[in-house]
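Student:
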Amino acid sequence: MKRIFTRLPGVLSLIAVLGLTVSSRAVEDRVIGVSAGDRAMNQAIENARNQLSHFWKVLAAPKNGEDNFCLKVRIKADEKVEHLWCTDIRIEKGMVSGAIGNDPEIVKSVRLGQRISIKEADISDWLYIKADKMIGNYTVRPLMCPSPSRRAGNCR
117 MKRIFTRLPG
127 VLSLIAVLGL
137 TVSSRAVEDR
147 VIGVSAGDRA
157 MNQAIENARN
167 QLSHFWKVLA
177 APKNGEDNFC
187 LKVRIKADEK
197 VEHLWCTDIR
207 IEKGMVSGAI
217 GNDPEIVKSV
227 RLGQRISIKE
237 ADISDWLYIK
247 ADKMIGNYTV
257 RPLMCPSPSR
267 RAGNCR
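Here you go:
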């Protein structure tokens with residue numbers, strides 16, 4: 117079974133604006149299949165989850181212009197799985213919610229813009245912007261730099 121990740125066009129556009137090398141194809145909102153056993157992706161998800169407390173802290177009290185808070189969430193319907201970015205993150209009465217920020221291509225149980233409840237166990241990544249710098253976004257690294265030799269070089 118494959119885990120499916122989609123890219124948020126705005127995130128990759130921002131990467132391009134910030135001067136990082138991104139191919140024109142990478143800016144498209146496209147689905148990228150990743151094996152459930154992919155070590156680099158699983159490590160990226162683990163790293164993001166290990167730093168999730170930082171995300172919650174900054175979201176609760178932005179002090180230095182932090183904004184554009186997003187969570188990447190695992191959505192499962194039947195046997196299909198897709199990881200989608202959620203925007204407009206809110207915490208109300210202890211419940212986390214966000215608006216689907218991608219057009220789902222695999223999972224049809226949600227749609228672009230739909231507000232969903234988010235369980236922490238389903239979070240696979242997070243990001244926010246601070247002073248024009250992206251913080252987080254761990255899972256884009258193995259997608260942009262899939263080979264170990266490239267990760268060892270210019271993609272750290």
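Quick note: the sequence shown uses the numbering used here, first residue 117, plus one each step. For every residue, glycine included, the Cβ atom is placed at its ideal position computed from N, Cα and C. From a predicted model like this one, the values you see are computed outputs, not experimental measurements.
Whether or not the segment 170-186 and the segment 245-255 are in contact is what I'm after, with contact meaning three or more pairs of Cβ atoms, one per stretch, closer than 8 Å; do they touch?
Tutor: Judged by Cβ distances under 8 Å, the segment 245-255 makes contact with the segment 170-186, as three or more pairs qualify.
Student: Counting Cβ pairs closer than 8 Å, one from the segment 153-167 and one from the segment 233-246, do we hit at least three?
Tutor: Counting Cβ pairs under 8 Å, three or more are found: they touch.
Student: Using C-beta distances below 6 Å, list every residue in its chain close to R272, excluding the 5 sequence neighbours before and after it, in chain order.
Tutor: Only weak support is given to the placement of R272: the predicted model assigns it a pLDDT of 48, under 50, and the question is left unresolved by the model.
Student: Relative to the C-alpha of K235, which candidate in A156, G214, A152, C261 has its C-alpha closest?
Tutor: Of the candidates A156, G214, A152, C261, the one whose C-alpha sits nearest the C-alpha of K235 is G214.
Student: Once DSSP output is grouped into helix, strand and coil, what is the label at R227?
Tutor: It is coil, neither helix nor strand.
Student: Given a cut-off of 9 Å on the beta-carbon distance, is the pair V189 and I222 in contact?
Tutor: Taking 9 Å as the Cβ cut-off, V189 and I222 do not qualify as a contacting pair.
Student: Hey, out of Q230, P258, L259, whose CA is closest to I191's CA?
Tutor: Selected option, being the one with the closest Cα: Q230.
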